[in-house]
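What follows is a short report on a single structure.
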């Protein structure tokens, strides 16, 4: 049974953000933390709606058990922060990086934290900042953990982002013909997505928006993280593998397909079918309670039994949310259960040098009863064979 | 006297990269480090020519005093790394993140470092990785330091990148008229730069390439780090402030101008002139040996004496190289001397709410005799007043 999802394009309400903060404080209490320090821009965006990239001037969020969270920022960013933040914050503003003695970021930062406190820090916190953090420090990624389960608001945003990549993928399949250049495809696909984003979300924050559309033609599709050369040409035959991904005003999703132009080479039929079967197996296990590593193990077992075990080079899937790559993981070693309102990619792959790569990926919501695919594009071998 | 610089668009030679490594090893020896660990993608790019963005799968470079540097990477990235790296490396390949017990990245990583060693680490190293690094750890940013002085090859690359932003800025000034939308300007300017990059550098790595072109019209130009709304309109009058920046196949530069459309409002003349004078003062001090904080102090003193001290909200300049923002800094608290072959921005600014922002920025090379501006655009009040 398919849920009726609603596409959301509005910014988060202050209630949405204050609920996120409450969840963090609940975990802080469970772990006896007096403070929690966040430096990861994705986590700061999650709690405040302010997006930035890390550079030499530090931005640090300090959450105490009660009271307003404090944001340590350079003076230059105060107006910017105020224009985007959708929660109440206290600003601790330092002049510049670097600055005269006594006026540096750490002088202001260290004053905010009691020396006898227990302070939770992210595993991503740079050692240079960790070393200047007072108190007893405990590495605990509680914001990252909280982000794994999506709220209804986030699901609506992700659903909208999926409509953007669906559109990009339609454009890609329409434009992708033999001899077409990678760069031309990239331009057409990303322009189509950017136009949709701008129309749907006039207030979109381009610090949290980014689009990608590319195809790995058969000569390189066995190597999925190689970046195709901009003058690479599409070829007759296949397997081509597409990647269309986007961060749409703060929400990251992807859709990827294996496809063929004109004809399907004989030697590609079996690996395509095995990928397709592995994918069906993965989907058959998607429901709350399934241990995520089990999905990966069973997928690998199936592919290995069919003779392609040496050609598996990545896990079955990963989470998506603010970024296009985050916890949870459908991977061996990740022994936690699937839960309702997780959003993950499902993308078992087979990569055979000399033949090519085989991978479909979709952005998928875990529901009470199982799952719901949020992205949509042709899937079967017949559907993904484009007549010329 | 102006140096005759040559625009370079070719990738670094293996000699260029091995000289960079030698410089790192010289500093390691001076600091008695047995190993140096690099996680910062910019530093890894500097030494290997491989560009990536940080995600959950760690990429870690391990440099020992001798032998090949080792690169800890996920299996999925091996082909990609080999296709871009232009130096000899030993790969330490882990399967996936996460992975089954004993097969995780840290299992492989920890084996590479002797437990009794002295290990240099970057201040940006995440605490989660620092905690899994064996040996006695010493925070020391020796790659960042090395990057401050540019080689002739890098200067040629930066000179080329400046030609790209010069072109972008010419397009911007031509297209910027009252009522033109921010988004339209952004598209025209970035497209013009991307086209030039693709033509000049067919092998350009788009993981290390990025273009920006935007204008802060008078209603927001007093707030230089605010991101303009995509449907913001350009206005008659001024001050408008432009930012055109790019990372061109690995080299980051910028050019920024205060300009006026049609007429110059009376109240903007004096702050423009003071900015212009402050800028001339900064340039007059640019030569090897000048203490960088002194430039910032004198600039601030001049602006303060002219009555605009309250409207200074950032330092006088910053370094550029692989990124558009890095050491060294023309800032109070940065008490090191300018040296030949540093590349910096010079951009004293005045920001008056209700009137607007006043800032020109150029990318500037420090030479034996003084300096050479690498970017070029109109400068004087007359030149930056565009007739309609």
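Residue numbers (this note's numbering), protein chains in the order written: chain A, 1 to 388; chain B, 1001 to 1388.
Even glycine gets a Cβ: it sits at the ideal position worked out from N, Cα and C.
Item	Value
Residue nearest to residue 344/A in terms of C-alpha spacing, selected from 365/A, 230/A, 129/A	365/A
8 Å contact criterion, which residue 254/A and residue 244/A should meet: CB distance rounded	7 Å
Other residues of its chain near residue 1372/B: CB distance less than 8 Å, five sequence neighbours each side excluded	1002, 1003, 1005, 1364, 1365
Interface partners of residue 224/A on chain B, CB under 7 Å	1076
Whole-Å CB distance - residue 1214/B paired with residue 1202/B, under 8 Å assumed	In fact, because the Cβ distance is near 27 Å, the residues do not count as touching under 8 Å.
Rounded Cβ spacing between residue 1330/B and residue 1296/B (contact assumed at less than 8 Å)	5 Å
Run of the alpha helix (DSSP H) containing residue 64/A, from where it starts to where it stops	Premise fails: residue 64/A lies in the beta strand (DSSP E), 60–64, not in any alpha helix (DSSP H).
Cβ-Cβ distance between residue 272/A and residue 386/A below 8 Å	no
Reduced DSSP category for residue 214/A - H, G, I as helix; E, B as strand; rest coil	strand
Any chain A beta carbon closer than 8 Å to residue 1101/B	yes
Opening and closing residue of the beta strand (DSSP E) in which residue 327/A lies	326–330
C-beta neighbour in chain A for residue 1309/B, strict 8 Å	no
Simplified DSSP assignment, three categories, for residue 291/A	strand
Helix, strand or coil at residue 1110/B [DSSP, three-state]	helix
Any 3 or more C-beta pairs closer than 8 Å across the segment 1188–1201 of chain B and the segment 1067–1081 of chain B	no
Residues within the segment 1216–1245 of chain B neighbouring chain A, beta-carbon criterion of under 9 Å	1220, 1222, 1223, 1224, 1225, 1226, 1227, 1229, 1230, 1231
Short-range partners of chain B found in the segment 186–213 of chain A, where Cβ spacing is below 8 Å	198, 202, 203, 204, 205, 206, 207
Any alpha helix (DSSP H) of 4 or more consecutive residues that is wholly inside the segment 24–48 of chain A	41–48
Sequence-distant residues of the same chain with beta carbon closer than 8 Å to residue 378/A, five excluded per side	173, 257, 259, 384
Of the listed residues 1076/B, 1210/B, 1178/B, nearest to residue 1233/B (C-alpha basis)	1178/B
CB contact check: residue 119/A to chain B, cutoff 8 Å	no
Own chain partners of residue 1208/B with C-beta closer than 7 Å, once the 5 adjacent residues on each side are dropped	1045, 1051, 1247, 1249, 1250
8 Å Cβ cut-off: residues of chain A touching residue 1313/B	75, 76
Residues that residue 1253/B bridges to, as DSSP identifies them	1246/B
Pick from 1225/B, 1038/B, 1305/B that is closest to residue 1125/B, judged by C-alpha positions	1038/B
Residue 90/A, buried or exposed, once every other Cβ within 10 Å from all chains shown has been counted against 16	exposed
Stretch-stretch touch, CB-based, cutoff 8 Å, three pairs: the segment 20–35 of chain A with the segment 183–193 of chain A	no
Residue 1359/B in three-state terms, based on DSSP	strand
Residue 1386/B (DSSP reduced to helix, strand or coil)	strand
Contact the segment 298–307 of chain A vs the segment 260–267 of chain A: 3+ CB pairs below 8 Å	no
Where residue 211/A falls, given that 16 or more other Cβ within 10 Å makes a residue buried	buried
Minimum C-alpha distance to residue 158/A - residue among 133/A, 122/A, 12/A	12/A
Beta carbon proximity, residue 124/A to chain B, threshold 8 Å	yes
Length at least 4, wholly inside the segment 125–179 of chain A: the alpha helix (DSSP H) runs in chain order	127–130, 142–147, 152–175
Residue burial classification, residue 1133/B (beta-carbon count within 10 angstroms, cutoff 16)	buried
Status (buried if at least 16 other CB within 10 Å, exposed otherwise) for residue 1138/B	exposed
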